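Each residue of the sequence shown is one higher than the one before, counting from 1 in the working numbering. These notes concern the structure reproduced below.
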Amino acid sequence: MADVVNISGEINGVEGDLHKIQNNAQANPHLQVPAGSYKVSVAILHHGKPGNEYPIGQFLQRIYIFEDVEKMGITGWIEMIDPYNLVRNGIILGQELLYLEFVTGGADGAGFEDDWKVSFTKKNPLYVHKIQDLKHQQTGEAETQGTLTYRLHFCSPELIQNDRVRVSRTLQGTYSNMIKNILENDLKTPKKFEVDENFKETEDLKLINVPNLNPFSAIALMAAASQSTPSEKQFKGRQTDYYFWETSRGYRLFPIYRPHVDNIFFRVS
Numbered sequence: 001m002a003d004v005v006n007i008s009g010e011i012n013g014v015e016g017d018l019h020k021i022q023n024n025a026q027a028n029p030h031l032q033v034p035a036g037s038y039k040v041s042v043a044i045l046h047h048g049k050p051g052n053e054y055p056i057g058q059f060l061q062r063i064y065i066f067e068d069v070e071k072m073g074i075t076g077w078i079e080m081i082d083p084y085n086l087v088r089n090g091i092i093l094g095q096e097l098l099y100l101e102f103v104t105g106g107a108d109g110a111g112f113e114d115d116w117k118v119s120f121t122k123k124n125p126l127y128v129h130k131i132q133d134l135k136h137q138q139t140g141e142a143e144t145q146g147t148l149t150y151r152l153h154f155c156s157p158e159l160i161q162n163d164r165v166r167v168s169r170t171l172q173g174t175y176s177n178m179i180k181n182i183l184e185n186d187l188k189t190p191k192k193f194e195v196d197e198n199f200k201e202t203e204d205l206k207l208i209n210v211p212n213l214n215p216f217s218a219i220a221l222m223a224a225a226s227q228s229t230p231s232e233k234q235f236k237g238r239q240t241d242y243y244f245w246e247t248s249r250g251y252r253l254f255p256i257y258r259p260h261v262d263n264i265f266f267r268v269s
């Protein structure tokens, strides 16, 4: 799967943060952080009626979360070791909300926990949609009958909502305003929608008939047609090649090239 890579003029600041984490961990033996470690503060499955919530932090082994500029939603999975057989006892069906909050190991010791935290809690939960690789845990050559291992696949709830509704109406205004309209009224999302504040969207008003499309399909067409003019006088002309995608902090509508911050978003395989 492709990763989103951010090449930025501010990369030195990120490198500085990483050095602080590393130096603080080395200076204190109690802060030694294994590669790839993380600190989980919230891990809860919500099923059915209010109050039906089950902590699963003790069962988590690995967390995989993906942001993709071409998928418009967060996807991923968590690997579980389950000694209580939550799947077969009916607690996990593959239709739950997942509240998940974690931070890279060592970020708290370096003072960057709030900045680096990945948070999907009750205001913006994840949706569990599939259980995969369900099997008994192997102990040597034998299977442990009482302990299960499996993957819980999750995605943004908006991806599920997108398959259930259609947009079939006339929209008017700038593309960013129309995208915001669809996010709020069709996808019903409370998530933040961010447009590059250093660019001024063209003032051409659009009138669009959306012909019975999924919300994200309509948004994709608008993002592809978006243009803007830089607010700085030294950059002339209109900026095109916009992408709309979801990050762990909300939705973004950004041009692929932003010369004012020496920043490019692109894909690598």
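Where a beta carbon is used, it is the ideal one built from N, C-alpha and C, also for glycine. Quick caveat, the model's predicted, so the values are computed rather than measured.
- Ranked by how close their Cα comes to the Cα of residue 132, the residues 179, 226, 94, 121 have 94 in first place.
- Per DSSP, the beta-bridge partners of residue 120 are 100.
- Taking the Cα positions, residue 254 is about 13 Å away from residue 72.
- Secondary structure at residue 250: strand, using DSSP grouped into helix, strand and coil.
- By the Cβ test, the stretch 151 to 169 is in contact with the stretch 182 to 195, since at least three Cβ pairs between them sit closer than 8 Å.
- Residue 164 sits in a helix when the DSSP states are folded into three classes.
- At a Cβ-Cβ threshold of 8 Å, residue 118 and residue 128 do not count as neighbours.
- Straight across, the Cα-Cα distance linking residue 243 with residue 225 is about 10 Å.
- In this structure, the straight-line span from the alpha carbon of residue 160 to that of residue 257 is close to 31 Å.
- Cβ neighbours of residue 38 within its own chain (closer than 8 Å, five residues either side excluded): 63, 102, 103, 104, 105.
- Proximity to residue 116 across 74, 70, 40 peaks at 40, based on C-alpha coordinates.
- Check the Cα spacing between residue 251 and each of 137, 148, 177, 195: the tightest is with 195.
- Between residue 98 and residue 55, the C-beta spacing is not below 8 Å.
- Counting every other CB atom within 10 Å of its CB across the protein chains shown gives residue 96 a total of 16 or more, marking it as buried.
- Taking residue 157 as the centre and dropping the five residues before and after it, the same chain places the C-beta of 127 closer than 6 Å to its C-beta, in chain order.
- With distances taken between CA atoms, residue 60 lies nearest to 79 out of 89, 79, 75, 147.
- Of the candidates 100, 81, 84, 100 places its Cα closest to the Cα of residue 45.
- By alpha-carbon distance to residue 148, the top candidate from 238, 176, 246, 81 is 81.
- According to the DSSP secondary-structure assignment, residue 55 is paired through a beta bridge with 44.
- For the beta strand (DSSP E) assignment, the uninterrupted runs of no fewer than 3 residues enclosed by the stretch 176 to 202 are, from N- to C-terminal side, 193 to 195, 199 to 201.
- If you compare the alpha carbons of 227, 52, 137, 247 with that of residue 240, the shortest gap goes to 227.
- For residue 78, the enclosing beta strand (DSSP E) begins and ends at 75 to 82.
- Taking C-beta atoms under 8 Å as the contact rule, residue 245 and residue 69 qualify, at a distance of about 4 Å.
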